[in-house]
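Our numbering puts the first residue of the sequence shown at 563, with every later residue one more than the last.
All C-beta atoms, glycine included, are put in the ideal place defined by N, C-alpha and C.
Here the structure is a predicted model, which is why all the values come from computation and not from measurement.
Notes for the one structure printed next.
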Amino acid sequence: MVYLYIENAGEPFGMQLYLSGGMIHITALRRIILLIPCSLLYRQTMAQSLGDPIFTEDFGNGTATYAGALPAGTTSYSYVAQAFPNDGSYTVMKSTASSGSVWWSAQDHTGDVSGTHGYMMVVNASISVTDYFYKTTVSNLCPNTSYEFSAWVVNLLRSSDTSPPNITFTIETTGGTILNSYTTGSIPLTSGGPVWKKFGFNFSTPANVTDVVIRMRNNSAGGAPANDLALDDITFRPYGPVIDAGMNTSNSSTLTICADAIQPVNLHASVNSGGYTTPAYQWQVNANNSGWTDIAGATSTSVTVNPNTAGTYQYRLAVGEAANFSNTQCRIVSSALTVTINAVPQVTTASNSPLCVGETLNLTSQGGVSYQWSGPNGFASALQNPTIANITDDNAGTYTVMVTSAAGCKATGQTTVAIGSRPSASVSNNVSICSGSSTVLSASGGVTYQWSPATGLSDASSPNPVASPAATTTYTVSIYDASSACPATKNVTVTVLKPPVANAGPDKSTVQGNGIMLAGSASGDNITYQWSPADYLDNPAKLNPVATPAHDMTYTLTVTSNDGCGISTDQVTVKVYDKVIIPNTFSPNGDGINDVWNITALESYPQASVRVFNRYGNDVFHCTGYPTPWNGQSHNQNLPAGIYYYLIDLKNNTPPLRGWLLITR
563 MVYLYIENAG
573 EPFGMQLYLS
583 GGMIHITALR
593 RIILLIPCSL
603 LYRQTMAQSL
613 GDPIFTEDFG
623 NGTATYAGAL
633 PAGTTSYSYV
643 AQAFPNDGSY
653 TVMKSTASSG
663 SVWWSAQDHT
673 GDVSGTHGYM
683 MVVNASISVT
693 DYFYKTTVSN
703 LCPNTSYEFS
713 AWVVNLLRSS
723 DTSPPNITFT
733 IETTGGTILN
743 SYTTGSIPLT
753 SGGPVWKKFG
763 FNFSTPANVT
773 DVVIRMRNNS
783 AGGAPANDLA
793 LDDITFRPYG
803 PVIDAGMNTS
813 NSSTLTICAD
823 AIQPVNLHAS
833 VNSGGYTTPA
843 YQWQVNANNS
853 GWTDIAGATS
863 TSVTVNPNTA
873 GTYQYRLAVG
883 EAANFSNTQC
893 RIVSSALTVT
903 INAVPQVTTA
913 SNSPLCVGET
923 LNLTSQGGVS
933 YQWSGPNGFA
943 SALQNPTIAN
953 ITDDNAGTYT
963 VMVTSAAGCK
973 ATGQTTVAIG
983 SRPSASVSNN
993 VSICSGSSTV
1003 LSASGGVTYQ
1013 WSPATGLSDA
1023 SSPNPVASPA
1033 ATTTYTVSIY
1043 DASSACPATK
1053 NVTVTVLKPP
1063 VANAGPDKST
1073 VQGNGIMLAG
1083 SASGDNITYQ
1093 WSPADYLDNP
1103 AKLNPVATPA
1113 HDMTYTLTVT
1123 SNDGCGISTD
1133 QVTVKVYDKV
1143 IIPNTFSPNG
1153 DGINDVWNIT
1163 ALESYPQASV
1173 RVFNRYGNDV
1183 FHCTGYPTPW
1193 NGQSHNQNLP
1203 AGIYYYLIDL
1213 KNNTPPLRGW
1223 LLITR
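Pasting the structure below:
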């Protein structure tokens, strides 16, 4: 009985072949899928455990559209740097997207670690079938050892293929003798898009062979359209029985733990029977992707390892024939077992301690993604940096935070908070003083004292300083007990009262019978004011009373501080002029009645200016002081009867008197 494997789109399935009634029966999974003649029996075994690749051809990667020709002798085809090679030509490129509608738009099989696609070999097969797609020599093999030779192939044609790709994989001596071979058969068209398929076979080296030539021969004629394909990821690696590996009591292939819970890990494996006469074993480790290295002394199917620092550790068992085991190209390896050790958080904690009662406590922590605080007085918080306002003595003590990392590992941190009490202190009451005077401030309840600001104080460190501020000032005293850590603070305000200032305003003048407002003003704190005498004033208790004196008067404004900060006085004189009475008619006809223009009280204004104009604006009379009443003449000539106009300026800072005057004869 023989086992066959084929991978379709990257997923392997097994086939069992057995002879019955002159036919080969192939069973795939749980059903019989095909009957083939005995002459097509494949000498191929099912893939089991593999070693590291001895040879890999993935055609590289880069930024150029075309990678360039393969080394001489690698293929019998001619290289061209174009999207659609002619029959008998090949290219090495990233994608067939620009190759026209006959081909599928295909990219290389695996891409690369950067996430960008690498190159693949694209072939338009020749008419001849004597050519080969690829060959290379693999050296330093072990005799009597099994190997796998495989490649990924995609049929590029979309809808018509007169001669599908058909490839023979051969293992040859360096002299050209074929040691073993496998033929893919026709690789059919695919629907819906390009499908990469893995083809290959296993063989064992003869006793005297250490170097072989691997070759992929073309079995199908080219044409239009026919036998157009792409190759990628050609590999040659050791092959052997299945290795089942696991950790601890299970067959789990992964284990994730935190660094504070590190424990020994038991690695174990079983190797299916067959394949090796005298098997040898070696456990290997790949710590943090640094590469595979042997674990000293780990040469059985089980071993206990003790990874002790955070990181990722991969373990595998290498198996081979004892006689060839020193040659790594003769070993197979198990699937990797992965132990991930996550670091515990590196916790840092702090606070703004020491503090005083009434202040705000700030707790801080770093190192994780979540936090859980606990502390005195029932404190609990899930914040990274919590605060407690208006603290008391009950908030003093040790605070603990549990920090959790993104990987779920936990660690704790602590910070101790000290809280000091304040002394029971008192201070004197607010006080008012007159400007230029002083007062004694007092504080008690402490050992030392400090007043601020020091301006106006006799001693800023005295419990009872003398305060003489020039302006109202609020003093703050810090009162310390023997510890001098947490002072009590108190405030006292010294209000400086401004002294009274009286201003009676400028002197005034008025005409008898007319009132005049006095322009008094006053300043100072908590004051009253009064005019004296009160004669002829409408209200002597207001700053701007109206005075209507019958004669000249001098008034005194008195401003008094109600807090005993003094009295201020100022005076103002009110000049009272007689009232001028101007008649508007007189008759200078010599009859002794109203022969002159008598203006009552005008003699009281010796500086007064009197002018009379006719209707043409001509000045017909003027004088200063009006010593003699006007007789109606101008230049000793009687003026004709009629209306005239007068302008009298009393020269006492009052508006001129204007009006008309009628002369009759």
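For residue i, collect the residues of the same chain with a Cβ closer than 8 Å to its Cβ; drop the 5 residues on either side in sequence, then sort them by chain order.
{"i": "N1215", "result": "S1071"}
{"i": "V1138", "result": "S1071, T1072, V1073, Q1074, P1111, A1112, H1113, D1114, M1115"}
{"i": "K697", "result": "G635, T636, T637, V775, I776, R777, M778"}
{"i": "R1177", "result": "G1204, I1205, Y1206, Y1207"}
{"i": "G583", "result": "Bear in mind that the predicted position of G583 carries a pLDDT of just 33, short of 50, making it too unreliable to give a figure here."}
Do residue j and residue i have their beta-carbon atoms positioned less than 9 Å apart in this structure?
{"i": "S988", "j": "S1000", "result": "no"}
{"i": "Y1206", "j": "I1225", "result": "yes"}
{"i": "V906", "j": "W935", "result": "no"}
{"i": "Y629", "j": "N706", "result": "The sequence given here places Ala at residue 629; Tyr does not occur at that position. No, the Cβ-Cβ distance between A629 and N706 is not below 9 Å."}
{"i": "V685", "j": "L751", "result": "no"}
{"i": "A880", "j": "R893", "result": "yes"}
{"i": "G929", "j": "G873", "result": "no"}
{"i": "Y1042", "j": "T1017", "result": "no"}
{"i": "G959", "j": "P916", "result": "no"}
{"i": "I805", "j": "S766", "result": "no"}
{"i": "A713", "j": "I824", "result": "no"}
{"i": "Y877", "j": "N834", "result": "no"}
{"i": "C918", "j": "P1049", "result": "yes"}
Rank the options by C-alpha distance to the C-alpha of residue i and give the top, closest one.
{"i": "I776", "options": "A898, Y801, E734", "result": "E734"}
{"i": "T911", "options": "N886, W854, F941, A973", "result": "A973"}
{"i": "D819", "options": "A969, I950, A687, S743", "result": "Reading off the sequence, residue 819 comes out as Ile, not Asp. It is A969 whose Cα lies nearest to the Cα of I819."}
{"i": "A631", "options": "V1028, V642, N702", "result": "V642"}
{"i": "S814", "options": "P841, L1059, H830, P803", "result": "H830"}
{"i": "D693", "options": "T678, M655, T653, S640", "result": "S640"}
{"i": "N992", "options": "D1087, T1057, A1032, V1134", "result": "T1057"}
{"i": "N717", "options": "G673, Q669, T736, F731", "result": "Q669"}
{"i": "N870", "options": "S864, V909, G853, V827", "result": "V827"}
{"i": "Q908", "options": "L945, H1184, Y933, D1211", "result": "Y933"}
{"i": "G511", "options": "A1033, I995, P803", "result": "Residue coverage of the chain in this structure runs from 563 to 1227, which leaves residue 511 outside it and unanswerable."}
{"i": "D1087", "options": "K1104, L1105, P1061", "result": "P1061"}
Could you check what DSSP says for residue i in three-state terms: helix, strand or coil?
{"i": "C892", "result": "helix"}
{"i": "P800", "result": "strand"}
{"i": "D1125", "result": "coil"}
{"i": "N886", "result": "helix"}
{"i": "G764", "result": "Rather than Gly, the amino acid found at residue 764 in this sequence is Asn. The answer is strand: DSSP assigns N764 an E or B state."}
{"i": "D956", "result": "helix"}
{"i": "T607", "result": "Reliability fails at T607, whose pLDDT of 38 lies under 50, so the model's placement of it is uncertain and the value that follows must be treated cautiously. Coil."}
{"i": "S708", "result": "strand"}
{"i": "S1166", "result": "helix"}
{"i": "D614", "result": "coil"}
{"i": "A1044", "result": "coil"}
{"i": "A858", "result": "coil"}
{"i": "D1087", "result": "coil"}
{"i": "P599", "result": "Note on P599: pLDDT 29, under 50, position unreliable in the model; the coordinate value appears next. The answer is strand: DSSP assigns P599 an E or B state."}
{"i": "D1114", "result": "coil"}
{"i": "D790", "result": "strand"}
{"i": "A823", "result": "helix"}
{"i": "S1094", "result": "strand"}
{"i": "D795", "result": "strand"}
Leaving out five residues before and five after residue i in sequence, what residues of the same chain have Cβ atoms less than 7 Å from its Cβ?
{"i": "L1119", "result": "A1064, A1066, G1082, Y1091, W1093, T1131, D1132"}
{"i": "P1107", "result": "L1080, W1093, L1099, D1100, N1101"}
{"i": "D956", "result": "P938, N939"}
{"i": "M809", "result": "L817, V827, N828, L829, L899"}
{"i": "L1164", "result": "V1142, A1170, Y1188"}
Looking only at its chain, what residues have a beta carbon closer than 6 Å to the beta carbon of residue i, apart from the 5 residues adjacent to it on each side?
{"i": "N764", "result": "T607, S708, E710, Y801"}
{"i": "G947", "result": "It is worth fixing the name first, because residue 947 is Asn in this sequence and not Gly. Taken in chain order, the residues that qualify are T926."}
{"i": "S748", "result": "P726, N728"}
{"i": "N1053", "result": "T1036, T1038"}
{"i": "F887", "result": "A842"}
{"i": "A687", "result": "N780, G784, N789"}
{"i": "S1149", "result": "N1156, T1226"}
{"i": "A1022", "result": "W1013, A1016"}
Does any heavy atom of the ligand NAP sit closer than 8 Å to the C-beta of residue i?
{"i": "K656", "result": "Absent from the structure shown: the ligand NAP. Ligands present: none."}
Does chain D have any CB closer than 9 Å to the CB of residue i?
{"i": "G662", "result": "The question asks about chain D, but that chain is absent: this structure has only one protein chain."}
3 or more residues per run - each beta strand (DSSP E) lying fully within the region 891 to 954: For the region 891 to 954, whole beta strand (DSSP E) runs of length 3 or above, ordered along the chain, are 899 to 904, 910 to 913, 923 to 928, 932 to 937, 941 to 943.
Beta strand (DSSP E) runs contained entirely in the region 1126 to 1158, provided each spans 3 or more residues: List check, beta strand (DSSP E) in window: 1129 to 1139.
Within the region 618 to 683, ranges of the beta strand (DSSP E) (whole runs, at least 3 residues): Unbroken beta strand (DSSP E) runs of no fewer than 3 residues, entirely contained in the region 618 to 683, are found at 651 to 655, following chain order.
Alpha helix (DSSP H) segments (min. 4 residues) lying fully within the region 1176 to 1214: Runs of the alpha helix (DSSP H) inside the region 1176 to 1214: none found.
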